[in-house]
Amino acid sequence: MKKFLKIVGIVIASIIGIILCLVAWVMFTDVPSYPPKSLSIQIPTDSLTLHTGKVIVEGRCAYCHLGTDNKLSGRQMAPASDPFGEYSSKNITQDKTYGIGSYTKEQLAYFLRTGINQHGKYIGPWMASVLLSDSDLGAVIAYLKSDSPLVQPSSANPQGLQPNFLLKALLKFGAFGPLKYDEKPVATPSPENTVAFGKYVATARYSCYECHSNSFETNDQYEPEKSIGYFGGGNPIPDNQFKTTLSANITMSPTTGIGKWNYDQFMRAVTTGERPDGKVLSAAMPRLHALDEQELKAIWEYLRTVPVIENKVAR
Ligand code: HEC
Ligand code: HEC
Numbered sequence: 601m602k603k604f605l606k607i608v609g610i611v612i613a614s615i616i617g618i619i620l621c622l623v624a625w626v627m628f629t630d631v632p633s634y635p636p637k638s639l640s641i642q643i644p645t646d647s648l649t650l651h652t653g654k655v656i657v658e659g660r661c662a663y664c665h666l667g668t669d670n671k672l673s674g675r676q677m678a679p680a681s682d683p684f685g686e687y688s689s690k691n692i693t694q695d696k697t698y699g700i701g702s703y704t705k706e707q708l709a710y711f712l713r714t715g716i717n718q719h720g721k722y723i724g725p726w727m728a729s730v731l732l733s734d735s736d737l738g739a740v741i742a743y744l745k746s747d748s749p750l751v752q753p754s755s756a757n758p759q760g761l762q763p764n765f766l767l768k769a770l771l772k773f774g775a776f777g778p779l780k781y782d783e784k785p786v787a788t789p790s791p792e793n794t795v796a797f798g799k800y801v802a803t804a805r806y807s808c809y810e811c812h813s814n815s816f817e818t819n820d821q822y823e824p825e826k827s828i829g830y831f832g833g834g835n836p837i838p839d840n841q842f843k844t845t846l847s848a849n850i851t852m853s854p855t856t857g858i859g860k861w862n863y864d865q866f867m868r869a870v871t872t873g874e875r876p877d878g879k880v881l882s883a884a885m886p887r888l889h890a891l892d893e894q895e896l897k898a899i900w901e902y903l904r905t906v907p908v909i910e911n912k913v914a915r
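Its first residue numbered 601, the sequence shown is counted upward by one per residue in my numbering.
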């Protein structure tokens, strides 16, 4: 009996020892770093693609990066009660010290593909995409390097995300890490192929699916249509006051989605935030006022092909 208790004691002590070592490893060693790289990239100069770059940055990046000085100087993104603690986005103006003025176009391209920044640090899943076409990626970078007032130098200095225990653990156990990018060319589907183009616009270009599927954690960044609850809504989205609204079901269910809407009602909701019943959508839904008709019509046609999900989202 005594011998048995002794063995049990040793086993328990070893388990506790191993757990303490793991905790210490998570807490006191550096988060993983990755070799920073550059990608050679074509920066488009035609006015149509440049316009797309402007719409992507002003519609999508500005949602998280617009600061109080009306430049992309960063803002607080989450309150202290967030599981990752209080954190902010960063200054992505052309300031060489506080912004991203010291990034080359090629370093930005690699960062926006993988999430690995110019110092080899993984900065999170918000910006990176392996699906954005090469010409759209080039257009985003052209805009960030342009003379738009939004990206002129600002000395605001929000600190970004400081890894707490949870984030360190996720990074170290590989649950949270850079995107795998094979460096193969990525093309924009031809707008003539309306449904394929619509899918591209609703996923890679404006990331509608990221907010409109079940949750950020279960989204599939390589094959968006494999995301749980694809376009069925219910994902809690914080606005810039941290007030959370569940994203809407935008599949074509006539009862729980937008199956009874017509194209004009859809276009109005996406560009101005006004619903057919006259209600105004929460600020958690970006106002994508600069999307052009070709893009909006293509998203609409694509959504009509997406499998219907019956998910009644509490409004
Ligand atoms: C959902 C919110 C969100 C969106 C959308 C977003 N970002 Fe960010 N971005 C962040 C946060 C948060 C950080 C800071 C992360 C950190 O410090 O770990 C950040 C950091 C960055 C950085 C800093 C890299 C560095 O080295 O410090 C760049 C560059 C950047 N974002 C560019 C973009 C671009 C370009 C877009 C649009 C294509 C974009 N972001 C869209 C939230 C967002
Ligand atoms: C940052 C997250 C986010 C992104 C990106 C986003 N949405 Fe939304 N969207 C929401 C939220 C949250 C709501 C619900 C707002 C409310 O209930 O007031 C919403 C509501 C809507 C509605 C209204 C549906 C209804 O029943 O009222 C439509 C239509 C819509 N979004 C389409 C789109 C399209 C198309 C895109 C991409 C071009 C897109 N959204 C991108 C968060 C987002």
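Don't be surprised by glycine CBs; every beta carbon is placed ideally from N, CA and C.
Taking DSSP as the reference, what is the three-state secondary structure of residue i?
{"i": "E658", "result": "helix"}
{"i": "T844", "result": "strand"}
{"i": "V801", "result": "helix"}
{"i": "I828", "result": "coil"}
{"i": "E823", "result": "coil"}
{"i": "V908", "result": "coil"}
{"i": "E810", "result": "helix"}
{"i": "V611", "result": "helix"}
{"i": "V786", "result": "coil"}
{"i": "V880", "result": "strand"}
{"i": "I643", "result": "coil"}
{"i": "E874", "result": "strand"}
{"i": "I899", "result": "helix"}
{"i": "I837", "result": "strand"}
{"i": "R887", "result": "coil"}
{"i": "M601", "result": "coil"}
{"i": "V626", "result": "helix"}
{"i": "T818", "result": "helix"}
{"i": "V913", "result": "coil"}
{"i": "T652", "result": "helix"}
Check whether the Cβ of residue i lies closer than 8 Å to any heavy atom of ligand 1, and answer yes or no.
{"i": "R660", "result": "yes"}
{"i": "C621", "result": "no"}
{"i": "M885", "result": "no"}
{"i": "K690", "result": "yes"}
{"i": "Q759", "result": "yes"}
{"i": "I723", "result": "yes"}
{"i": "V740", "result": "yes"}
{"i": "L712", "result": "yes"}
{"i": "Q841", "result": "no"}
{"i": "L666", "result": "no"}
{"i": "M677", "result": "yes"}
{"i": "I643", "result": "no"}
{"i": "V795", "result": "no"}
Short of 7 Å in beta carbon distance, which residues of its chain neighbour residue i, apart from the five on each side in sequence? Order them along the chain.
{"i": "A883", "result": "D839, N840"}
{"i": "M677", "result": "C664, Y687, S688, S689"}
{"i": "P785", "result": "D734"}
{"i": "N911", "result": "G829, G832, G833, G834, N849, T856"}
{"i": "G586", "result": "The requested residue 586 does not occur in the structure, where the chain is confined to residues 601 to 915."}
{"i": "I716", "result": "Y634, P636, Y710, Y722, P778"}
{"i": "W861", "result": "P876"}
What I want to know is whether the C-beta of residue i ends up closer than 8 Å to one or more non-hydrogen atoms of ligand 2.
{"i": "Y663", "result": "yes"}
{"i": "I909", "result": "no"}
{"i": "G859", "result": "no"}
{"i": "R915", "result": "yes"}
{"i": "S638", "result": "no"}
{"i": "V730", "result": "no"}
{"i": "H812", "result": "yes"}
{"i": "L744", "result": "no"}
{"i": "V870", "result": "yes"}
Among residues of its own chain, excluding the 5 on either side of residue i, which ones have a beta-carbon nearer than 6 Å to its beta-carbon?
{"i": "F842", "result": "P679"}
{"i": "N819", "result": "E810, S813, S827"}
{"i": "A769", "result": "V626"}
{"i": "R875", "result": "A869"}
{"i": "F776", "result": "L770"}
{"i": "I656", "result": "V740"}
Assuming residue i and residue j make a contact with CB atoms under 8 Å, what is their CB distance in whole Å?
{"i": "I706", "j": "I643", "result": "It should be noted that the sequence gives Glu, not Ile, for residue 706. No, E706 and I643 are not in contact; Cβ-Cβ is about 10 Å, not under 8 Å."}
{"i": "Y720", "j": "S633", "result": "Sequence inspection shows Gly at residue 720; the Tyr mentioned does not correspond to that position. Yes, they are in contact, since the Cβ atoms of G720 and S633 sit about 4 Å apart, within 8 Å."}
{"i": "E893", "j": "G798", "result": "So it is not a contact: roughly 12 Å between Cβ atoms."}
Less than 8 Å separating the Cβ of residue i from some heavy atom of ligand 4?
{"i": "V740", "result": "The model depicted lacks ligand 4 and carries ligand 1 and ligand 2 instead."}
Query raised in the report: Where in the segment 667–753 do unbroken runs of the beta strand (DSSP E), each at least 3 residues long, occur, reported from the N-terminal end onward?
Result: 676–678
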